[in-house]
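Reading the sequence shown from the start, the letters are residues 76 to 293 in my numbering. All C-beta atoms, glycine included, are put in the ideal place defined by N, C-alpha and C. Fair warning: this is a prediction, and the values are worked out from it, not measured in the lab. What follows is one structure encoded as structure tokens, with my remarks underneath.
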Amino acid sequence: MTDADLIDQFNSDGYIAIENSFDADEVTRMRSEADLVLELMVNSSAANRRRSRRLDILEYAPGRQMVVKVQPINDLSLYLAEVSADERLLAPLRSAMGDEPVLMEEKLNYKQPLRDRVEGFEMSGRLSDGWGMHSDWAHYKAQDYPPSIISSAISLDDCTEESGPISVWPGSHQEHIPHRRMEGGGLSVEPGSIDPDGGIDLLVPAGTVMLFSSMLIH
76 MTDADLIDQF NSDGYIAIEN SFDADEVTRM RSEADLVLEL MVNSSAANRR RSRRLDILEY
136 APGRQMVVKV QPINDLSLYL AEVSADERLL APLRSAMGDE PVLMEEKLNY KQPLRDRVEG
196 FEMSGRLSDG WGMHSDWAHY KAQDYPPSII SSAISLDDCT EESGPISVWP GSHQEHIPHR
256 RMEGGGLSVE PGSIDPDGGI DLLVPAGTVM LFSSMLIH
């Protein structure tokens, strides 16, 4: 994909997916680091008998817990910090932005069920592991961030139909769509403002770099 192709697709669809940006050995190392961060956050929360503010965890069924995300993470893993500054991530961002990328925030999205229940600290206020149809800018605009922000992700696992992949609504980044506050927190588009069946799943292999406009509904 040339820079021109990348920019054209991003401007048209609001997202791009660049497969095989990171190889299998690199992805394996990222997964290992993600496992260590997960273990550290859960164990430290249990040991201190209070949930770390980095840890988003819920009880999705009686006695069944799931880690949704950990944020921030770069001070916990030097390797993941290196990845967030890798040119294979920054170069396409630079092309799409027409400017030098600056890291705004970083996190690990898990949706990882725990094998055994962990006691000793409260769960997050979240009611489910679902995010609802939303744009990131619906959250960012409250802090006066510009809508030109680009979100990025690196898939650490193969994104398949069975794994609950990211769904995107191509072209939905052209204008801001009103959102409402969801029960349990978070924002979701107003009902009827977008076709819920109009999204497509990003079915991509591990090691894929995904970029999407902060205005894109996903």
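Query: Cβ neighbours of Ser-159 in the same chain (closer than 8 Å, five flanking residues each side left out); Result: Asn-149, Leu-178, Glu-181
Query: Test item: CB-CB of Ser-119 and Ser-127 under 8 Å; Result: yes
Query: Expected contact under 8 Å - CB spacing of Met-285 and Ala-92 to nearest Å; Result: 5 Å
Query: Boundaries (first-last residue) of the alpha helix (DSSP H) holding Ser-159; Result: 153-159
Query: Test item: CB-CB of Gly-89 and Pro-245 under 8 Å; Result: yes
Query: Cβ pair count under 8 Å reaching 3, the segment 251-264 against the segment 187-197; Result: no
Query: Nearest neighbour of Gly-261, chosen from Ser-152, Gly-200, Met-290 [CA to CA]; Result: Gly-200
Query: At least 3 beta-carbon pairs within less than 8 Å: the segment 261-270 vs the segment 225-235; Result: no
Query: Span separating the alpha-carbon of Ser-170 from that of Arg-125; Result: 43 Å
Query: 8 Å CB neighbourhood of Pro-147 in its chain, flanking five on each side removed; Result: Arg-129, Glu-180, Glu-181, Lys-182
Query: Outcome for Gln-218 when other beta-carbon atoms lying within 10 angstroms are tallied against a minimum of 16; Result: exposed
Query: For Leu-277, the nearest candidate out of Leu-165, Pro-167, Phe-287 (CA to CA); Result: Phe-287
Query: Same chain, Cβ closer than 7 Å to Ala-213, five either side skipped, listed in chain order; Result: His-254, Leu-262
Query: Bridge-paired residues (DSSP) for Val-142; Result: Ile-132, Gln-187
Query: Own chain, CB closer than 6 Å to Gly-97, minus 5 neighbours either side, in chain order; Result: Per the sequence shown, residue 97 should be read as Phe rather than Gly. Closer than 6 Å at the Cβ level, and outside the excluded window around Phe-97, lie Gly-282.
Query: Cα-Cα separation, Val-102 to Tyr-154; Result: 11 Å
Query: The alpha helix (DSSP H) enclosing Val-112, as first and last residue numbers; Result: 99-123
Query: C-beta atoms of Val-112 and Leu-151 nearer than 8 Å; Result: yes
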